[in-house]
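Residue numbers (the working numbering): 14 to 446.
Even for Gly, the Cβ is constructed at its ideal location relative to N, Cα and C.
Notes follow once the structure below has been shown.
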Ligand SMILES: *[C@@H]1O[C@H](CO)[C@@H](O)[C@H](O)[C@H]1NC(C)=O
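Below is the structure:
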């Protein structure tokens, strides 16, 4: 049910088309959207929930995660509409949340502490994964094939919670490198507010990175069907481990080549970037993050560059990023927001187990693995609102079916939201609503 998400971590973008949209009205309420984009992560929480939990239709789940390997791997996030903890996308999400908080935390206002809490929910889990067993890095919990055959609440899970790891003899430099990046980026987020935690994150990041470099291999080769076709390793790991010659030049060149490839052909071109029909908005939010951040760097450095004979300024990138965010928040031909709970017209039938099934509070008995499918196939709206979730999004004709069975359009994912938090804070700081 989530096969097309396989390409989610592939950061090779090209040949975008742009969807058209009509007239643009006032600015969306970026601050409201920012708060909701962070709140979403509470709905994805695995483990024992704290009393501060605001998405109250969720309850404790996965409390014995790790027990099959005699370790404690509770916590972390379910990655999308399912109940699997896939560490590769979780680490990517955490890296982007952390980077976004470092870049834009100053514009987050009272949401800064919520962003930190969202990061910490992941890093507490990653610390367990990295330190529970010497010589091993745990990289996931829950058999994805068993999980995807069921439609059940995380609180009811009865599928096998297999534990996956990489080690010297079963390496995974890609997932280990991404985990190290998440831990290192988060250590910077906590450097001043919690120095002790920050040091622990940094120390663990170094160990995990050392492991990634020492035992080289792609995790899909080691773990097979436990991670593929869900989150295969496509681009490998060697590139990321290259010892680039310690200057920024190659990065600047790569960033600008990339931006030139995605800029619309004409400055008046308007619309949503479209790459793939499977969860297209994951590419949009990730690229938007890169656009706002590079725009910010260009402003600071008073830098511009050229794509052929087109001059690119920080404003060029900011405007393109704003168009993407605005489209997601309802400035589009359907006037539909693709963020659940934002605006008045938003997706009601998202492909998400917890959201689509009656909550534990309203129905304490388990529905079991198959019992939930009656709620999967119904045309009724989901009973629980997963506030802040951004779904896969419309097709290339701006159409959206709001159909739970169409996961390519209606499934939310941690890595869609992880990338939008920073840009929303950026825009909230510039455009007051
Ligand atoms: C979207 O909103 C605009 C402006 O209010 C309106 O003209 C247009 O008819 C709306 N489109 C749809 C599909 O509702």
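- The DSSP-derived three-state label of residue 115 is helix.
- Closest in alpha carbon position to residue 247, among 427, 101, 77, is 101.
- By the Cβ-count criterion, residue 55 is buried, with 16 or more other Cβ atoms from all chains shown falling within 10 Å of its own Cβ.
- Cβ-Cβ separation between residue 200 and residue 218: approximately 6 angstroms, consistent with a contact (criterion under 8 angstroms).
- Proximity of the stretch 324-338 to the stretch 366-380 falls short of the contact definition, fewer than three beta-carbon pairs being nearer than 8 angstroms.
- At least one heavy atom of ligand 1 is found less than 7 angstroms from the C-beta of residue 348.
- A straight line joining the alpha-carbon of residue 223 with that of residue 245 spans about 22 angstroms.
- Of the candidates 191, 292, 149, 191 places its Cα closest to the Cα of residue 106.
- Annotation for residue 385: 164, 165, 370 place their beta carbon closer than 6 angstroms to its own, counting only its chain and skipping 5 residues before and after.
- For residue 48, the CB contacts under 7 angstroms within the same chain, skipping 5 residues up- and downstream, are 124 in chain order.
- Measuring C-alpha to C-alpha distances from residue 311 to each of 343, 204, 268, 345 identifies 268 as the nearest.
- No Cβ-Cβ contact shorter than 8 angstroms links residue 239 with residue 185.
- With a contact defined as Cβ atoms closer than 8 angstroms, residue 138 and residue 187 miss out at about 19 angstroms.
- In this model, residue 335 and residue 77 are separated by some 43 angstroms (Cα to Cα).
- In the structure shown, residue 362 adopts coil according to DSSP, grouped into three states.
- Assignment of residue 202 by DSSP, reduced to helix, strand and coil, places it in the helix class.
- Residue 377 and residue 399 have their C-alpha atoms roughly 20 angstroms apart.
- Here residue 319 is bridged, per DSSP, to 324.
- In this structure, residue 422 and residue 405 form a Cβ contact; the two beta carbons are roughly 5 angstroms apart against a cut-off of 8 angstroms.
- For the pair residue 169 and residue 381, the Cα-to-Cα distance works out to about 7 angstroms.
- Within the DSSP bridge table, the entry for residue 352 names 403 as partners.
- In the three-state DSSP reduction, residue 287 falls in the strand class (E or B).
- The criterion of a C-beta distance shorter than 8 angstroms is not satisfied by residue 189 and residue 176.
- In terms of Cβ geometry, residue 146 and residue 97 do not form a close pair [threshold 8 angstroms].
- Residue state for residue 148 is assigned as coil, using DSSP reduced to three classes.
- Under the three-state reduction of DSSP, residue 74 is assigned to strand.
- Rounded to the nearest whole angstrom, the C-alpha separation of residue 439 and residue 51 is 14 angstroms.
- Apart from the 5 residues on each side of it in sequence, residue 140 sits with its Cβ closer than 8 angstroms to the Cβ of 196, 213, 214, 217 in its chain, given in chain order.
- Two segments are said to touch when three or more pairs of C-beta atoms, one from each, lie closer than 8 angstroms; by this definition the stretch 285-301 touches the stretch 417-434.
- A straight-line Cα-Cα distance of about 27 angstroms links residue 435 and residue 366.
- In the three-state DSSP reduction, residue 381 falls in the helix class (H, G or I).
- Per DSSP, residue 180 is one residue of the beta strand (DSSP E) stretching across 176-180.
- Residue state for residue 97 is assigned as coil, using DSSP reduced to three classes.
- If you draw a 10 Å sphere on the C-beta of residue 41, you find 16 or more other C-beta atoms in it, and that means buried.
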